[in-house]
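Peer 1: Pasting in a structure now, in structure tokens, and then I'll have a few things to ask.
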Amino acid sequence: QVQLVESGGGLVQAGGSLRLSCEASENILSMDRMGWYRQAPGKQRDMVAFITSYGTTNYSGSVKGRFTISRDNAKNTVYLQMNNLRPEDTAVYYCRALKRGHEWWGQGTQVTVSS
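All the letters of the sequence shown, read from the start, carry residue numbers 17 to 131 under our numbering.
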């Protein structure tokens, strides 16, 4: 059972920045993929960004150029740097780990962007 603990959410004004962290209980390099998803009220959970074990990254079109996913292997932590935040980025952000067809989710962290 992989445990994921997110942190770093909060309230920020439009145009501001936040950095989310996701600390895993296991070696993140053993994961096929680590990613960030978000879910706004009344909407489905959508992929924001992910990074593969090879270091390949992928972003949704709505955040590309503003968000950056990265990792610190020694700390088993994945980050999501979010710049130039917009009110429509408001959501609960979840960390997800994928390994050999199994997935694990964190508890989520709230990000609220005020206009």
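Backbone N, C-alpha and C fix where the C-beta goes; we use that ideal spot for every residue, glycine too.
Quick check on DSSP: helix, strand or coil for alanine 30?
Peer 2: In the sequence shown, residue 30 corresponds to position 14, counting from 1. It is coil, neither helix nor strand.
Peer 1: If I'm right that aspartate 48 touches lysine 115 with Cβ under 8 Å, what's the distance once you round it to whole angstroms?
Peer 2: What you label residue 48 is simply residue 32 of the sequence shown in a count that begins at 1. What you label residue 115 is simply residue 99 of the sequence shown in a count that begins at 1. Indeed, because the Cβ distance is near 5 Å, the residues count as touching under 8 Å.
Peer 1: Quickly, what does DSSP pair lysine 80 with across the bridge? List them, please.
Peer 2: Indexing the sequence shown from 1 puts residue 80 at position 64. DSSP lists Phe83 as partners of lysine 80.
Peer 1: With three or more beta-carbon pairs closer than 8 Å as the criterion, would you say the stretch 26-43 touches the stretch 62-74?
Peer 2: No, they do not touch.
Peer 1: Who are lysine 115's beta bridge partners in DSSP?
Peer 2: For the purposes of this step, residue 115 is identified with residue 99 of the sequence shown, where counting begins at 1. Looking at the DSSP assignment, lysine 115 forms a beta bridge with His118.
Peer 1: Taking a contact to mean a Cβ-Cβ separation below 7 Å, would you say serine 23 touches serine 37 in this structure?
Peer 2: Within the sequence shown, numbered from 1, the residue matching residue 23 stands at position 7. Within the sequence shown, numbered from 1, the residue matching residue 37 stands at position 21. Against a cut-off of 7 Å, the Cβ pair of serine 37 and serine 23 comes out as a contact.
Peer 1: Pull up the CB-CB distance for leucine 101 and valine 64, whole angstroms please, since I reckon it's below 8 Å.
Peer 2: Sequence index remark: in the sequence shown, residue 101 carries index 85 (1-based). Sequence index remark: in the sequence shown, residue 64 carries index 48 (1-based). No, leucine 101 and valine 64 are not in contact; Cβ-Cβ is about 12 Å, not under 8 Å.
Peer 1: Quick one: grab the DSSP three-state call for glutamate 104.
Peer 2: For the purposes of this step, residue 104 is taken as the residue at position 88 of the sequence shown. DSSP places glutamate 104 in helix when its eight states are reduced to three.
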